[in-house]
Amino acid sequence: MFSYQIRHETQQKIRVGVLLTRQTKLTDPLNPISGAQLSWYYWKYIVKADETIVNIGTHVWADIPGCAGLYYLTLTSEDTNKLGSLVLYINDSVSLGRPILMYFEVIVKNVYDAKFGSDLLKVEPGAQKF
Numbered sequence: 001m002f003s004y005q006i007r008h009e010t011q012q013k014i015r016v017g018v019l020l021t022r023q024t025k026l027t028d029p030l031n032p033i034s035g036a037q038l039s040w041y042y043w044k045y046i047v048k049a050d051e052t053i054v055n056i057g058t059h060v061w062a063d064i065p066g067c068a069g070l071y072y073l074t075l076t077s078e079d080t081n082k083l084g085s086l087v088l089y090i091n092d093s094v095s096l097g098r099p100i101l102m103y104f105e106v107i108v109k110n111v112y113d114a115k116f117g118s119d120l121l122k123v124e125p126g127a128q129k130f
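Numbering (the working numbering), first residue to last: 1 to 130.
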C-alpha cells in the first residue's frame, strides 16, 4: 500500500483518480470519466487517523486539464488536522467501474517543509544517551 504525504493543518489540493466508467458487458472497455461531479457519487468520504469520517461532497472538485479521469480535490485544514493516516474513498456501484481508495499520511509541518520545500529540517539539540 502506497501512501502520499500531506502537510498537517494545511489546505491541500490532491490529485484523485483514475475515475473509470462501469462496464455493462465483459467486453466493454473501462473508459476514463471526464467532467464528473463529486455529487454524482453516493459514497465520498475521508477517514482521519482518529476514525472521524468526513463527507467531502461539498469540497472543491475540478478536472485536471488534459488528463481524462483525473481530478483535483481540495482538502481543508480541518480535513488535515489529525496526524497519521487519512483515507479517501469514492464509490458508486451504478456509475463507477472501480472505487477510488487512496491512502495519505498527514505529517508534521516542518518535516513536510524540509522534505518538499526549501527549508531545512529544524531540530532541537538535546542530551545524547549512549
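Glycine included, every Cβ here is placed at the ideal spot set by N, Cα and C.
At least 9 angstroms separates the beta-carbon of Arg-15 from that of Tyr-103. For Val-94, the closest alpha carbon among the candidates Ile-6, Gln-23, Lys-13 is that of Gln-23. Taken through DSSP and simplified to helix, strand or coil, Tyr-112 comes out as helix.
Contact between Ile-33 and Val-106 is absent: CB atoms are separated by about 28 angstroms, not below the 8 angstroms threshold. Distance from the CA of Arg-98 to the CA of Glu-124, rounded to the nearest whole angstrom, comes to 46 angstroms.
Nearest Cα to Ile-46 within the set Gln-37, Trp-40, Cys-67, His-59: His-59. Rounded to whole angstroms, Thr-27 and Thr-21 show a C-alpha spacing of 13 angstroms.
For Thr-10, the closest of Asp-79, Leu-86, Tyr-89, Asp-92 by C-alpha to C-alpha distance is Asp-79.
Take the alpha-carbon of Leu-73 and the one of Gly-35: they are about 14 angstroms apart. Judged by DSSP secondary structure, Ala-62 falls within the beta strand (DSSP E) whose first and last residues are 61-63.
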